[in-house]
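Numbering (the numbering used here), first residue to last: 11 to 336.
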């Protein structure tokens with residue numbers, strides 16, 4: 011075969027890979043989709059590279075001590091991320107403890123119990139909560155949630171459970187508990203929506219089989235929950251990723267104090283809040299690099315958490331799709 015023929019065959023093979031039908035429009039459309047996917051990967055890669063490059067000074071100066079140190083003092087040039095990591099994880103854990111049971115209850119009711127005429131408007135209202143801007147949640151937290159917790163929730167908790175370190179200290183309404191509660195309100199729509207989709211994807215034949223064997227409605231629901239467990243776990247982790255990355259609402263109610271305290275009533279600080287509050291004040295190169303390194307840590311944690319959630323949700327939907335095709 012001549013070189014010209016080989017080049018023509020190679021070109022035609024590349025064209026056939028883009029459009030098996032040989033249609034020019036299909037080839038162009040597929041090329042545009044491929045370019046969009048590659049562009050997205052390049053954007054994520056460039057973000058990681060830029061954050062790593064900007065935080066290189068802090069990484070070289072502090073090393074692993076940046077994660078384990080509790081001191082954050084821009085005046086002396088000492089920066090440690092441990093208080094921010096603690097505040098981020100603690101507030102997110104509080105949010106999950108509150109929101110997961112509530113989200114599961116909402117999703118189970120909408121899929122298994124509620125009639126259609128009621129399920130649709132309730133679903134709309136729940137998902138509407140996810141569309142509210144976070145700064146609105148923050149304002150509501152300052153003027154409504156914080157005073158309510160300060161007057162009606164935190165004093166009884168301290169009176170009944172004050173012997174625990176979690177409920178000691180002065181009551182101000184602004185602190186770790188308030189940040190966790192507002193995060194719970196924000197992630198509940200996300201977890202509820204994903205769990206509802208997961209439960210809806212469980213084949214109806216499993217419900218019919220359980221009922222045919224004499225199972226009650228609750229026992230049938232348990233069968234559905236067991237089959238959708240990987241997807242439910244993915245929904246919870248997805249909500250965790252949302253809680254970890256939240257900025258404005260938490261910044262306005264958590265107190266923004268870089269220290270570690272066992273009390274839920276005490277002020278705290280999250281990674282996102284620290285970046286939002288202190289980025290404009292970072293005039294020193296090391297200070298700015300430390301904040302960027304915080305952003306790099308937050309990006310990597312959020313990326314891993316969301317990736318794990320997607321894998322779990324994909325696992326349950328793949329199984330149910332395969333069952334439906336049998």
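Note that the Cβ used here is the ideal one computed from N, Cα and C, for glycine as well.
Worksheet item: Nearest to residue 146 by CA position, among 324, 294, 263 and 120, is which residue?
Response: For the purposes of this step, residue 146 is identified with residue 136 of the chain shown, where counting begins at 1. Minimum Cα distance to residue 146 is reached at 263.
Worksheet item: Considering only C-alpha positions, which residue in the set 161, 173, 189 and 193 is nearest to residue 181?
Response: Residue 181 sits at position 171 when you count from the first residue of the chain shown. When only C-alpha atoms are compared, the closest one is 161.
Worksheet item: What residues are listed by DSSP as bridge partners for residue 82?
Response: Start at 1 with the first residue of the chain shown, and residue 82 comes out as number 72. In DSSP, residue 82 forms a bridge with 89.
Item to complete: In the DSSP assignment, find the unbroken alpha helix (DSSP H) run with residue 39 in it and report its ends.
Response: In the chain shown, counting from the first residue as 1, residue 39 sits at position 29. 34–64 is the extent of the alpha helix (DSSP H) around residue 39.
Fill in: Inter-stretch contact (C-beta, 8 Å, three-pair minimum) for the segment 252–262 and the segment 186–196
yes
Discussion item. Buried or exposed, going by whether 16 or more other CB atoms sit within 10 Å of the CB of residue 36?
Written reply: In the chain shown, counting from the first residue as 1, residue 36 sits at position 26. When all chains shown are included, residue 36 counts as exposed.
Item to complete: Report yes or no: do the segment 233–244 and the segment 284–303 share at least 3 C-beta pairs separated by less than 8 Å?
Response: No, the segment 233–244 does not touch the segment 284–303.
Discussion item. Please report the distance separating the alpha-carbon of residue 321 from that of residue 155.
Written reply: On the chain shown, position 311 is the one that residue 321 refers to. On the chain shown, position 145 is the one that residue 155 refers to. Those two C-alpha atoms are separated by around 35 Å.
Item to complete: Use the C-beta contact count for residue 215: other C-beta atoms within 10 angstroms, 16 or more gives buried, fewer gives exposed.
Response: Working through the chain shown from its first residue, we reach residue 215 at position 205. Its Cβ having fewer than 16 others within 10 Å, residue 215 is exposed.
Fill in: Own chain residues within Cβ distance below 8 Å of residue 47, not counting five before or after
Start at 1 with the first residue of the chain shown, and residue 47 comes out as number 37. Around residue 47: no qualifying Cβ.
Item to complete: Answer yes if the segment 246–256 comes into contact with the segment 45–65, meaning at least three C-beta pairs across the two stretches below 8 Å, and no otherwise.
Response: no
Discussion item. Please report the straight-line C-alpha distance between residue 335 and residue 310, rounded to a whole angstrom.
Written reply: Locating residue 335 in the chain shown gives position 325, counting from the first residue. Locating residue 310 in the chain shown gives position 300, counting from the first residue. The predicted model places residue 335 with a pLDDT of 44, which falls under 50 and marks its position as unreliable; any figure quoted below should be read in that light. Looking at the two C-alpha atoms, the distance is approximately 37 Å.
Item to complete: Output the distance between the C-alpha atoms of residue 104 and residue 42, rounded to the nearest integer angstrom.
Response: Position 94 of the chain shown, counting from 1, holds the residue named residue 104. Position 32 of the chain shown, counting from 1, holds the residue named residue 42. About 44 Å.
Practice prompt. Grab me the residues of residue 207's own chain with a C-beta within less than 6 Å of its C-beta, minus the 5 sequence neighbours each way, in chain order.
Written response: Here the question's residue 207 lines up with position 197 in the chain shown. No residues qualify anywhere along the chain.
Worksheet entry | Per-residue burial, residue 82 [other beta carbons within 10 Å of its own, 16 or more giving buried] | In the chain shown, the residue the question calls residue 82 occupies position 72. By the neighbour-count criterion, in which a residue is buried when 16 or more other Cβ atoms sit within 10 angstroms of its Cβ, residue 82 is buried.
Practice prompt. Assign residue 107 to one of two classes, buried (16 or more other C-beta atoms within 10 Å of its C-beta) or exposed (fewer than that).
Written response: Within the chain shown, the letter at position 97 stands for residue 107. Classification of residue 107: exposed, given that the 10 Å Cβ count is below 16.
Worksheet entry | Residue range of the unbroken alpha helix (DSSP H) whose run includes residue 189 | Residue 189 sits at position 179 when you count from the first residue of the chain shown. Run containing residue 189: 186–211, per the alpha helix (DSSP H) assignment.
Fill in: Cα-Cα separation, residue 220 to residue 229
The count along the chain shown starts at 1 and reaches residue 220 at position 210. The count along the chain shown starts at 1 and reaches residue 229 at position 219. Those two C-alpha atoms are separated by around 8 Å.
Worksheet entry | Endpoints, the alpha helix (DSSP H) within which residue 150 is located | Reading the chain shown from its first residue, position 140 is the one you call residue 150. Run containing residue 150: 144–150, per the alpha helix (DSSP H) assignment.
Item to complete: Go ahead and pull the three-state DSSP assignment for residue 320.
Response: What you label residue 320 is simply residue 310 of the chain shown in a count that begins at 1. DSSP places residue 320 in helix when its eight states are reduced to three.
Worksheet entry | DSSP bridge partner residues for residue 278 (one or two, in chain order) | By 1-based counting over the chain shown, the position of residue 278 is 268. DSSP, once it has assigned bridges, lists 265 as partnering residue 278.
Fill in: Element boundaries [alpha helix (DSSP H), containing residue 234]
Here residue 234 refers to the residue found at position 224 when the chain shown is read from its first residue. 227–237 is the extent of the alpha helix (DSSP H) around residue 234.
Discussion item. Taking the alpha carbon of residue 58 as the reference point, which residue from 100, 276 and 304 has its own alpha carbon closest?
Written reply: Position 48 of the chain shown, counting from 1, holds the residue named residue 58. With distances taken between Cα atoms, residue 58 lies closest to 304.
Discussion item. Is there a Cβ of chain B sitting closer than 8 Å to that of residue 40, yes or no?
Written reply: The structure shown has no chain B; it contains just one protein chain.
Worksheet item: For residue 273, which residues from the same chain have a beta carbon less than 6 Å from its beta carbon, with the 5 sequence-adjacent residues on both sides left out?
Response: Counting from one through the chain shown, the residue named residue 273 turns up at place 263. If you ignore the 5 residues before and after residue 273, its C-beta comes within less than 6 Å of the C-beta of 178 and 179, all in its own chain and listed in chain order.
Discussion item. Going by DSSP, what residue range makes up the alpha helix (DSSP H) through residue 219?
Written reply: Here the question's residue 219 lines up with position 209 in the chain shown. Unbroken alpha helix (DSSP H) run through residue 219: 214–222.
Worksheet item: What is the DSSP secondary structure of residue 259, reduced to helix, strand or coil?
Response: Mapped onto the chain shown, residue 259 falls at position 249. Correct three-state label for residue 259: helix.
Worksheet item: So residue 113 packs on residue 202, CB below 8 Å; how close in whole Å?
Response: By one-based count along the chain shown, residue 113 stands at place 103. By one-based count along the chain shown, residue 202 stands at place 192. At roughly 4 Å, the Cβ-Cβ gap stays under 8 Å, so residue 113 and residue 202 are in contact.
Practice prompt. Enumerate in chain order the residues of its own chain whose CB-to-CB distance from residue 318 is below 7 Å, with the five nearest sequence positions on each side excluded.
Written response: Along the chain shown, read from residue 1 onward, the residue named residue 318 stands at position 308. 247.
Discussion item. With three or more C-beta pairs closer than 8 Å as the rule, is the segment 70–78 touching the segment 90–97?
Written reply: Verdict: yes, contact present.
Fill in: For residue 314 and residue 324, the rounded distance between their alpha carbons
Sequence index remark: in the chain shown, residue 324 carries index 314 (1-based). Sequence index remark: in the chain shown, residue 314 carries index 304 (1-based). Answer to the nearest angstrom: the Cα atoms are 15 Å apart.
Worksheet item: From 308, 298 and 316, pick the residue whose C-alpha is nearest to that of residue 67; which is it?
Response: The residue you call residue 67 lines up with position 57 of the chain shown. Closest by alpha carbon: 298.
Discussion item. Counting C-beta neighbours from all protein chains within 10 Å, is the total for residue 38 16 or more, i.e. buried, or is it exposed?
Written reply: By one-based count along the chain shown, residue 38 stands at place 28. With fewer than 16 other Cβ atoms within 10 Å, it is exposed.
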